[in-house]
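Enquirer: Numbering (the working numbering), first residue to last: 41 to 169.
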Amino acid sequence: MLWKNNSTAKDTSSSNKGQLTESYAEQYLSEQGLTLIERNFHSRQGEIDLIMLDGPTYVFIEVKYRKSKKFGGAISAVPASKQKKVKHCITFYLHQSGLNEYNTPCRVDVIALEGDITQPDVTWLKNAF
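Structure below.
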């Protein structure tokens, strides 16, 4: 995948890294056929990085980046406490959007990015939790 990145790895603050990795994940998923609905949806319970549609299914995506696999890598950076916050945030989003949480097809995916921030390795976990 060719990724358009206008910044260098040296000017990446923590929030910049988050924006870069979320943009990378969004582009990757768009190339896989998903359609963006919203980025960085906030509620009191937390934040959902990306909300996309995969056909009729709402996909709530947590994006994690780690430079290395040390200490478990990006996948291990989504602990149970974070999962709980994301689930509460999803419920809030569905209610706010007028969607029935029991009849709306949805899933939670994790995009784990590791390595060079300009060309990371991508692991896409569908139905992660």
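Cβ coordinates follow ideal geometry from the N, Cα and C atoms, glycine included.
Give the straight-line distance between the Cα atoms of alanine 49 and tyrosine 105, rounded to the nearest whole angstrom.
Expert: Here alanine 49 scores only 44 on pLDDT, less than 50, and its place in the model is too uncertain to base an answer on.
Enquirer: Comparing alpha-carbon positions, which option in Asn56, Lys57 and Tyr133 lies nearest isoleucine 91?
Expert: Tyr133
Enquirer: Determine the burial state of glutamate 87: buried for a count of at least 16 other Cβ atoms within 10 Å of its Cβ, exposed for fewer.
Expert: exposed
Enquirer: Can glycine 86 be considered in contact with the ligand PLP, in the sense that its beta carbon sits closer than 7 Å to one or more heavy atoms?
Expert: The ligand PLP is not part of the structure shown, which contains no ligands of any sort.
Enquirer: Please confirm whether tyrosine 98 and cysteine 129 have their CB atoms less than 8 Å apart.
Expert: Contact flag unset, no.
Enquirer: Does tyrosine 64 pass the burial test, meaning 16 or more other C-beta atoms within 10 Å, or should it be called exposed?
Expert: buried
Enquirer: Quick check on asparagine 46: buried or exposed, where buried means 16 or more other Cβ atoms within 10 Å of its Cβ?
Expert: Residue confidence for asparagine 46 is low, a pLDDT of 47 falling below 50, so the modelled location carries little weight; the figure read from the coordinates is stated next. Counting Cβ neighbours within 10 Å, asparagine 46 comes out exposed, since fewer than 16 surround it.
Enquirer: With a floor of 3 residues, list each beta strand (DSSP E) that falls wholly inside the segment 81–157, ordered by position along the chain.
Expert: 86–94, 97–106 and 146–154
Enquirer: According to DSSP, is leucine 60 helix, strand or coil?
Expert: helix
Enquirer: Anyone know if the C-beta pair for leucine 139 and aspartate 149 falls short of 8 Å?
Expert: no
Enquirer: Counting only the same chain and skipping the five closest in sequence on each side, list residues whose C-beta sits under 6 Å from that of lysine 125.
Expert: Gln85 and Gly86
Enquirer: What do you get for alanine 152, buried or exposed, if any count of 16 or more other CB atoms within 10 angstroms of its CB means buried?
Expert: buried
Enquirer: Using the beta-carbon count (16 or more within 10 Å), is threonine 61 buried or exposed?
Expert: buried
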